[in-house]
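K.L.:
According to this note's numbering, the sequence shown is numbered sequentially starting from 160. Beta carbons: idealized from backbone N, C-alpha and C, even for Gly.
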Amino acid sequence: MNRFWIGLFVIWPMAAVGSCLIAPQMGWWFPAGSPQAPGQAASPLGVQIDDLFHLILIVTTITFIGVHIALGYVLWQGVRNRADPNYRALFTHGSHNLEVIWTIVPAGVLLFIALYQMDVWAQFRIQANFPEQATKSPVAEVMARQFEWRIRYPAPGKQLKLTPQPDDLYTVDDLHVPAGRPVLIQLRTMDVQHSFFIPEMRIKQDAVPGLAIPVWFEASRQDKFDLVCAELCGWGHYKMNARVWAQSDEDYNSYLRALQQEQFDDGVDQEPGETVASDE
Ligand SMILES: [Cu+2]
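#1: Just to confirm the assignment, what range does the beta strand (DSSP E) spanning TYR312 have?
#2: If distances are taken between C-alpha atoms only, which option among ALA299, GLN305 and GLN381 comes closest to GLU359?
#3: Under a three-way DSSP split, which group does THR348 fall into?
#4: Taking C-beta to C-beta, are GLY393 and GLN305 nearer than 7 Å?
#5: Just tell me which of PHE356, SER407 and TYR414 has its CA closest to the CA of TYR397.
#6: State the DSSP-derived secondary structure class of ASN161, mapped to helix, strand or coil.
#7: What do you reckon, are the CB atoms on LEU346 and THR294 nearer than 7 Å?
#8: Please say whether VAL279 and VAL218 have beta carbons closer to each other than 7 Å?
#9: Quick check: is any heavy atom of ligand 1 less than 6 Å from the C-beta of MET399?
#10: Assign TRP375 to one of two classes, buried (16 or more other C-beta atoms within 10 Å of its C-beta) or exposed (fewer than that).
#11: Could you tell me which of ALA366, PRO337 and ARG340 sits nearest to VAL351, measuring between CA atoms?
#12: Once DSSP output is grouped into helix, strand and coil, what is the label at GLU439?
#13: Nearest to VAL331 by alpha carbon, out of MET302, PRO323 and ALA314?
#14: Using the three-state DSSP reduction, which class does ALA229 fall into: helix, strand or coil?
#15: Do you know how far the Cα of GLY231 is from the Cα of PRO265?
#16: Could you compute how far the alpha carbon of PRO290 sits from the alpha carbon of GLN276?
#17: Tell me whether ALA338 is buried or exposed, calling it buried when 16 or more other Cβ atoms sit within 10 Å of its Cβ.
#18: What do you reckon, is the C-beta of HIS396 under 6 Å from a heavy atom of ligand 1?
#19: Run the proximity test for HIS353: is its beta-carbon closer than 6 Å to any non-hydrogen atom belonging to ligand 1?
#20: Pull up the CB-CB distance for PRO203 and GLU377, whole angstroms please, since I reckon it's below 8 Å.
#21: Ligand 1 and CYS388: does any heavy atom of the ligand fall closer than 6 Å to the residue's C-beta?
#22: Say yes only if the C-beta of CYS179 is nearer than 6 Å to one or more non-hydrogen atoms of ligand 1, and no if none qualify.
#23: How is the beta strand (DSSP E) around VAL331 delimited, first residue to last?
#24: Based on DSSP bridge pairs, tell me the residues matched to CYS179.
#25: Assign SER437 to one of two classes, buried (16 or more other C-beta atoms within 10 Å of its C-beta) or exposed (fewer than that).
#26: Rounded to whole angstroms, what's the CA-CA distance from TYR312 to ALA174? Just pull it up for me.
#27: If you check the beta carbons only, do GLY205 and ARG361 fall under 7 Å apart?
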């Protein structure tokens, strides 16, 4: 029976490490990616975030393997010693040196990760570092509510204002953005806390009542991406899945023009400035 447990504690970490090695090839790893680069983040910042994830994964894998080797060794020693009738168990109050080592080493690792990730964090979250191209004209306001995403675009050629304008354009659960360059949205919520999450771009930001939070991202390819809510916000939380369409500038502009046409067309076939002839 003891051998069973030793075997289990040896096979289990091997299976865990093995499955981590196969997963990326099988497409079980990070969300989606294009057929050319399966599993790769669909935004340049997302690729950097994945690198941080991999760094942490390497640290935890080394720790995991080390701990299981130590655990296997202790179990094995226990089985061997029990067979010896003269064996006396070691009585110990612990080791001061060991305590110091296993406090300092993890603290050092955590400090290293904290310093190492600062650059990515600063790019993603600190407004002064946002790409200028994105900040100079936000593409839309994304207003979360139970249980949908309301999108407000400025009229083509106009700047987004924090307060709604009469010529703004509206959609629900459909966010169109130009691909290949950084874009910025203003994230708000009408009711409770939600979270704006584009898994394929590794972009996640809470929407907090009372705040308009700028979020920037860049779709590195033209595609349709999922936009979901990552904050349990009520019974219909699961319904908050929407789409982000990353398009060429041309398609994006014609989409906005079509939306404008749809929302402001009064059915009268008339050029702006033209007056309708009267019957007199
Ligand atoms: Cu939500």
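P.N.:
Taking the definition as stated:
#1: Counting along the chain, the unbroken beta strand (DSSP E) around TYR312 starts and ends at 307-312.
#2: Out of ALA299, GLN305 and GLN381, the CA that lies nearest to the CA of GLU359 is found in GLN381.
#3: DSSP places THR348 in strand when its eight states are reduced to three.
#4: Less than 7 Å separates the beta-carbon of GLY393 from that of GLN305.
#5: Of the listed residues, the one whose Cα sits closest to TYR397 is PHE356.
#6: Note: ASN161 maps to helix in three-state DSSP.
#7: It is not a contact, given that the beta carbons lie outside the stated cut-off.
#8: No, Cβ-Cβ distance for VAL218 and VAL279 is not below 7 Å.
#9: Answer for MET399: yes, Cβ within range of ligand 1.
#10: So TRP375 counts as buried.
#11: When only C-alpha atoms are compared, the closest one is ALA366.
#12: Unreliable placement is indicated for GLU439, whose pLDDT of 44 sits below 50; the coordinate value is still reported in the next sentence. Assigned with DSSP and collapsed to three states, GLU439 falls in coil, not helix or strand.
#13: Nearest of MET302, PRO323 and ALA314 to VAL331, Cα basis: MET302.
#14: In the structure shown, ALA229 sits in a helix (DSSP, three-state: H, G or I).
#15: Approximately 22 Å between the Cα atoms of the pair.
#16: Taking the CA atoms as reference points, PRO290 sits about 18 Å from GLN276.
#17: So ALA338 ends up on the buried side.
#18: Shortest gap from the CB of HIS396 to any heavy atom of ligand 1: under 6 Å.
#19: Within the chosen limit of 6 Å, ligand 1 reaches the beta carbon of HIS353 through at least one heavy atom.
#20: Indeed, because the Cβ distance is near 6 Å, the residues count as touching under 8 Å.
#21: The beta carbon of CYS388 sits closer than 6 Å to at least one heavy atom of ligand 1.
#22: No, the beta carbon of CYS179 sits no closer than 6 Å to any heavy atom of ligand 1.
#23: Looking at the DSSP string, the run of the beta strand (DSSP E) that includes VAL331 is 328-331.
#24: BP columns for CYS179 are empty, so no partner.
#25: Confidence at SER437 is low in this model, with a pLDDT of 48, below 50, so its placement is unreliable and no value can be given for it.
#26: Cα-Cα distance, rounded: 50 Å.
#27: Going by C-beta atoms, GLY205 is nearer than 7 Å to ARG361.
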